[in-house]
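Residue numbers (my numbering), protein chains in the order written: chain A, 1 to 324; chain B, 325 to 648.
For glycine and all other residues, C-beta sits at the position ideal for the given N, C-alpha and C.
Computed from a predicted model, the values in this text were never measured in an experiment.
Before any comments, here is the structure.
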């Protein structure tokens, strides 16, 4: 497993985490173990457990409770990825075939449910009821955010307020939960927990904005998924919203009409991408993401200067500097 | 809402339950509220909340905690039904179009996740950590049972031990949880809780066996779904397993070969149904279900004779007498 260099202070913890995670999900059903082994083989960036460990370290102590919290958020995150791939009929995930592609939707839905239950049970078994409260709320908000996004695409509405609410729920809520759980596991006081949660929410918003920007700027060979994927699905993300705001009204209206027409032809997509470019949608969105990251980092001011705090700052910067 | 006559002792509680349930799931996302309203309009038998209330009554007291427990199990059960319909691509549920049929799989998967999280949050918010432990375990077992069933269908194995494990996990675990939560909410001691859990598990097994029997005996107009549906999906349930056991080996082997052939022609299905009839598969399965129900009822012997205990006994009998 290769982690970014900023992960160095928690490398030993991450190794233990990765060694013990499969044991935490072992089932008596061989098919389930097979699917879970496959899932855990193709781990992603592990941003969420990293945030748990770094937050705990920055608050003074990485404990056994930190390990429980990290495992919990990773299981819940994995559960939602598996369900997302069903929902999006995605054939690939992290360069490998998706669970639904190999084992069909039935298995994918059930494995997602299993991982969700198992993640929550981990907290129940260790009597980590604060972790439970924080994460069950995050899971609820993730489904609410996704559903709001579906509704918004259907209604073809393009306001920034709803966009921000969606990304706050679907992405930022879980990153906020990760940081708060890290703080909780270190025994931090309420106001420090709150600071970490705000830090997590802000980098979560920045992370998602960067994702939405990459959908406009990266080629499919880099990202492993087709660029302008969101646009093809009728999702109007921040770069487009900002271009609509900055363009002359007549031109913006023409684009809105294109977006509202039910046919999403390739020619339309190319025209919208060019429009976003012309009116600086990407730059405007990135400026917002940068402000969010700086505001996030400011939340850490009162923490003692440690390698863990430095790592949180590095993660915050990474959310907007990454190219995939 | 029309409930069976045996529900009379808890009718007032059920009415309050049905009045308050929509408020417990209210979201800020209009689409979600719309789907949930639709779901709650077409309620089923409400067997699970009934078991919670009757168990609490039989243990001495229906309390505010009982209401929380009943709402929790109903939300979790509804979540799994919504996911089941995605998994089975079912167009109908309880005589109405399924969520996936109206709003597509994406919305159905997300609404299921939301209800799951919301059900667990209800317990978190009321600090009912014992409820949480019991139900999160049940949810995990439900997905494990369903996955074991998928695996067994793929492998085309026909042993009774695996069949019983599947129905114990996928159906009986949640009914056991309902009865245990009822007992917990009444402040029952550990051994009484355990008795109620065993009662619930046994009627759960009987309930599923009856379901599997009805799949062989009822016409699609009664059940609202095609008879021999399980068989068409490659599921070998108890009536078939018992017929295989009782038939002469050569005849049983011929049927196993039919089951193992990948083509499931209508002629095959009819031949297998006739085989199950000829060798008394249905009667043998029902005899087992009856024994389970009597064993379940025996678990209630030490409880004081109340209308609630009578109701539990009536529910137990109902699980095998029902015709849909």
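Residue interval of the alpha helix (DSSP H) (run including residue i)
i	result
residue 490/B	484-491
residue 210/A	190-217
residue 500/B	497-509
residue 135/A	129-155
residue 314/A	307-321
residue 3/A	Here residue 3/A belongs to no alpha helix (DSSP H), and DSSP marks it neither H nor E.
residue 229/A	229-232
Interface residues of chain B facing residue i [CB-CB closer than 7 Å]
i	result
residue 238/A	Near residue 238/A there are no residues of chain B at all, since even the closest Cβ is about 20 Å away, more than 7 Å.
residue 140/A	438, 441, 442, 445
residue 27/A	468
Under 7 Å by beta carbon: chain A residues contacting residue i
i	result
residue 457/B	124
residue 460/B	117, 120, 121, 124
residue 467/B	110, 113, 114, 117
residue 430/B	87, 150
Chain B residues whose Cβ lies nearer than 8 Å to that of residue i
i	result
residue 83/A	433, 434, 437
Cross-chain neighbours of residue i in chain B, by beta carbon under 9 Å
i	result
residue 30/A	472, 475
residue 129/A	448, 451, 453, 456
In DSSP terms, what residue i is bridged to
i	result
residue 93/A	96/A
The ligand COA heavy atom lying under 8 Å from the CB of residue i
i	result
residue 13/A	Questions concerning the ligand COA fall outside what the structure shown contains, since it holds no ligand whatsoever.
For a minimum of 4 consecutive residues, which ranges assigned as the alpha helix (DSSP H) are wholly contained in the region 17-84 of chain A? 30-41, 47-58
Quick check: the region 296-305 of chain A against the region 42-49 of chain A, are there 3 or more CB pairs under 8 Å? In this structure the region 296-305 of chain A does not lie against the region 42-49 of chain A, because fewer than three pairs of beta carbons, one per stretch, are closer than 8 Å.
3-residue-minimum beta strand (DSSP E) runs that sit fully inside the region 567-628 of chain B, ordered along the chain: none
Determine contact between the region 48-67 of chain A and the region 109-116 of chain A, defined as no fewer than three beta-carbon pairs at a distance below 8 Å. no
May I ask you to verify whether the region 489-505 of chain B touches the region 335-347 of chain B, counting CB pairs closer than 8 Å and requiring at least 3? no
Quick check: the region 138-153 of chain A against the region 95-111 of chain A, are at least 3 beta-carbon pairs closer than 8 Å? no
When you compare the region 551-570 of chain B with the region 588-602 of chain B, are there three or more beta-carbon pairs, one atom per stretch, that lie closer than 8 Å? yes
Taking contact to mean at least 3 C-beta pairs separated by less than 8 Å, is the region 177-196 of chain A in contact with the region 212-220 of chain A? no
Using 8 Å as the cut-off, can you tell me whether the region 231-239 of chain A makes contact with the region 140-154 of chain A, which would need three or more C-beta pairs spanning the two stretches below that distance? yes
For the region 2-11 of chain A against the region 160-167 of chain A, are there 3 or more C-beta pairs whose distance is under 8 Å? no
Please determine if the region 117-127 of chain A and the region 394-412 of chain B are in contact, where contact requires at least 3 C-beta pairs separated by less than 8 Å. Judged by Cβ distances under 8 Å, the region 117-127 of chain A makes no contact with the region 394-412 of chain B, as fewer than three pairs qualify.
Touching by the beta-carbon criterion (3+ pairs, under 8 Å), the region 316-323 of chain A and the region 348-363 of chain B: no
If you scan the region 420-444 of chain B from start to end, which runs of the alpha helix (DSSP H) of 4 or more residues do you find wholly inside it? Those alpha helix (DSSP H) runs which fall completely within the region 420-444 of chain B and span 4+ residues do not exist here.
The region 283-302 of chain A / the region 197-207 of chain A touching (three or more Cβ pairs under 8 Å): yes
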